[in-house]
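Chemist: Take this structure, written in structure tokens, and hold onto it; I'll ask about it next.
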Amino acid sequence: MTVCEYQPGLEGIPAARSKISYVDGQKGILEYQGIPIEQLAAQSNFLETAYLLIWGELPSKAALEDFEQDVRDHRRIKYRIRDMMKCFPESGHPMDALQACAAALGLFYSRRTLDDPDYVWEAVVRILAKIPTMVAAFELMRNGNDPVTPREDLDYASNFLYMLTEREPDPFAAQVFDVCLTLHAEHTINASTFSAMVTASTLTDPYAVVASAVGTLAGPLHGGANEEVISMLDEIGSVENVRPFVEQAIANKQRIMGFGHRVYKVKDPRATILQQLAEQLFEKGGSDPYYEIAVELEKVVEEKLGHKGIYANVDFYSGLVYRYLGIPRDLFTPIFTMARVAGWLAHWKEQLSVNRIFRPTQEYVGVHNVPYVPIEKRS
Ligand code: CMC
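So for the sequence shown, the working numbering puts the first residue at 1486; every next one is plus one.
If you want it as structure tokens, here you go:
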């Protein structure tokens, strides 16, 4: 057995052998099951991509139709889950609500027959189908409204936007949203996926796997960054303020949200696609002043931090797209979850096929043989 030296953040340490996705951070390449992300974004859709990731191959027409139909059939959530959500504080973050709801699914579908392909199929379908419904339901309920019943005649993206706004979305907006989901569906072993794999390795149920990953994705250094990008653009306020903002952030050693990546040392290919989508949206629906600030910010960050390999990541333009679609800011990460759950489930399945429980080691740097001091003798 090779013993590795301790690496903070496990940087560069392989924790799995995986066929699901591939990233070349120097060349800016991302592939799902070997297919370049640009091709999937242009030609596939989110549910087909989820199938590809989870079952390892593109589905036949019939297999895709079955999968899509099953997902449509499972979109509704139990009234008890809705009742549970009614007790959540409106001020709570939707990611916390989602984590609780994902875990609660395990109460209803708790059978743990992980070696039964029907159980695995049903779990995948239920999770993909119900997460969007839970995200939309919490949004409506925290605003004092009843949740909207999902519509079976609408595709995945359109149904979500419908449940959120109670209006049938513009088809182009729904298409853009669907591409966003495809782009966020998987990204090798990032923090939340690793968290899902560690939980999966204990052979717990897939709802617990997803709930643990949701908690991990919620942090501002991971999925929470796109929300913070918009807050940062608010703070910058104008194109003229961009340069002083960046200079001050660098002087104060502050992170500029939406930039930098552990793996990509060039512009994230997903950011390139998202930027194109954003431009198409603005061309059709009218310009967005935030976009001009964002473009200037990217230029200045590249100029000042490009030498360190810090470029725009996926979160930089996704927030702009969601904001333009009228999605509340604190739903950006739940939407990331709706997409990334496909990758988590793919890794869950892959982990089960080669499972060994994760149990890394540590370097102990504490002291030894310390005598216990009774409380009355402590200073
Ligand atoms: N702004 C300014 N400086 C940065 C940034 C940034 N966004 N990111 C990294 N750096 C600097 C950092 O200060 C350090 O400089 P030095 O070596 O002089 O001390 C150097 O780059 C390396 O930073 P690191 O923290 O060792 O890099 P990491 O690989 O551990 O962190 C990261 C990766 C994504 C956490 C980090 O780049 C970051 O905090 N970015 C901002 C948050 C963000 O946009 N997150 C979304 C990530 S992509 C989607 C996802 O994974 O969810």
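In this text, a Cβ means the ideal position worked out from N, Cα and C, and glycines have one as well.
(1) To which residues of the same chain is residue 1766 closer than 7 Å at the C-beta, ignoring the five residues directly before and after it?
(2) Within the same chain, show all residues whose beta-carbon is closer than 8 Å to that of residue 1731, passing over the 5 residues directly before and after it, in chain order.
(3) Hey, how far is the Cα of residue 1561 from the Cα of residue 1599?
(4) Helix, strand or coil for residue 1506 per DSSP?
(5) Kindly examine the ligand CMC and report whether one of its heavy atoms sits closer than 6 Å to the Cβ of residue 1530.
(6) For residue 1797, verify whether its CB is less than 6 Å away from any heavy atom of the ligand CMC.
(7) To the nearest angstrom, how far is it from the Cα of residue 1854 to the Cα of residue 1683?
(8) Under 6 Å from any heavy atom of the ligand CMC, does the C-beta of residue 1451 make it?
(9) Could you tell me the alpha carbon to alpha carbon distance between residue 1835 and residue 1637, rounded to whole angstroms?
(10) For the beta strand (DSSP E) that contains residue 1810, what are its first and last residues?
(11) Rounded to the nearest angstrom, what separates residue 1839 and residue 1673 at their Cα positions?
(12) At the level of alpha carbons, what is the spacing between residue 1893 and residue 1696?
(13) So residue 1594 and residue 1611 are supposed to be a Cβ contact under 8 Å. How far apart are they, rounded?
(14) Using a Cβ-Cβ cutoff of less than 6 Å, which residues in the same chain neighbour residue 1821 once the five nearest sequence positions on both sides are dropped?
(15) Would you kindly work out how many angstroms separate the C-alpha atoms of residue 1582 and residue 1563, rounded to a whole number?
(16) For the region 1736-1755 against the region 1796-1803, are there 3 or more C-beta pairs whose distance is under 8 Å?
(17) May I ask you to list the residues that DSSP assigns as paired with residue 1521?
(18) Going by CA-CA distance only, name the one from 1543, 1497, 1701, 1513 that's closest to residue 1505.
(19) I want to check one thing, is the minimum distance from the CB of residue 1591 to the heavy atoms of the ligand CMC below 6 Å?
(20) Please tell me whether, using a cut-off of 6 Å, the distance from the CB of residue 1688 to the nearest non-hydrogen atom of the ligand CMC is below it.
(21) Identify the continuous alpha helix (DSSP H) that holds residue 1772 and give its terminal residues.
(22) Relative to the alpha-carbon of residue 1677, which residue among 1666, 1700, 1659 has its alpha-carbon at the smallest distance?
(23) Is residue 1514 near the ligand ATP, going by C-beta to nearest heavy atom under 6 Å?
(24) To the nearest angstrom, report how far apart residue 1817 and residue 1642 are at their CA atoms.
(25) Distance check for residue 1714 and residue 1720, CA to CA, integer angstroms please.
(26) Do residue 1613 and residue 1469 come within 7 Å of each other at the CB atom, strictly closer than that value?
(27) What's the gap between the Cα of residue 1590 and the Cα of residue 1737?
(28) Going by other Cβ atoms of all chains shown within 10 Å of its Cβ, with 16 needed for buried, is residue 1603 buried or exposed?
(29) DSSP state of residue 1744, grouped into three classes?
(30) Under a Cβ-count criterion, where at least 16 other Cβ atoms within 10 Å of its own Cβ denotes burial, should residue 1792 be classed as buried or exposed?
(31) Which residue wins for smallest C-alpha separation from residue 1819, given the options 1698, 1773, 1850, 1640?
(32) Closer than 8 Å by C-beta to residue 1656: which residues in its own chain qualify, once you throw out the five before and the five after it? Chain order, please.
(33) Suppose the cutoff is 8 Å on Cβ atoms and the five residues either side in sequence are ignored; what does the same chain contact list for residue 1624 look like?
(34) Using C-beta distances below 6 Å, list every residue in its chain close to residue 1728, excluding the 5 sequence neighbours before and after it, in chain order.
(35) Give a yes or no on whether the C-beta atoms belonging to residue 1675 and residue 1803 are separated by under 7 Å.
(36) With a threshold of 6 Å (Cβ to nearest heavy atom), would residue 1747 be considered close to the ligand CMC?
Modeler: Reading off the structure:
(1) 1661, 1806, 1809
(2) 1741, 1782, 1785, 1786, 1789
(3) Answer to the nearest angstrom: the Cα atoms are 24 Å apart.
(4) Assignment of residue 1506 by DSSP, reduced to helix, strand and coil, places it in the strand class.
(5) Flag unset: Cβ of residue 1530 not near the ligand CMC.
(6) The answer is no for residue 1797.
(7) 32 Å
(8) In this structure the chain extends from 1486 to 1864, so residue 1451 is not present and cannot be described.
(9) 30 Å
(10) Where residue 1810 is concerned, there is no enclosing beta strand (DSSP E), given that its DSSP letter is neither H nor E.
(11) Distance from the CA of residue 1839 to the CA of residue 1673, rounded to the nearest whole angstrom, comes to 17 Å.
(12) Missing from the structure shown is residue 1893; the chain here goes from 1486 to 1864 and no further.
(13) 6 Å
(14) 1669, 1708
(15) 15 Å
(16) yes
(17) 1516
(18) Looking at 1543, 1497, 1701, 1513, the one whose alpha-carbon comes closest to that of residue 1505 is 1543.
(19) Not one heavy atom of the ligand CMC is found less than 6 Å from the C-beta of residue 1591.
(20) Every heavy atom of the ligand CMC is 6 Å or more from the Cβ of residue 1688, so no.
(21) Per DSSP, residue 1772 belongs to no alpha helix (DSSP H) and is neither H nor E.
(22) 1700
(23) Annotation note on the ligand ATP: not contained in the displayed structure, which lists the ligand CMC as its ligands.
(24) 14 Å
(25) 10 Å
(26) Residue 1469 lies beyond the residue range present for the chain, which begins at 1486 and ends at 1864; the question has no answer from this structure.
(27) 44 Å
(28) exposed
(29) DSSP, reduced to helix, strand and coil, places residue 1744 within a strand of the structure shown.
(30) exposed
(31) Looking only at 1698, 1773, 1850, 1640, the smallest Cα-Cα distance to residue 1819 is reached by 1698.
(32) 1643
(33) For residue 1624, where only same-chain residues beyond five positions count, the Cβ hits under 8 Å are 1579, 1649, 1813, 1816.
(34) Taken in chain order, the residues that qualify are 1785.
(35) no
(36) yes
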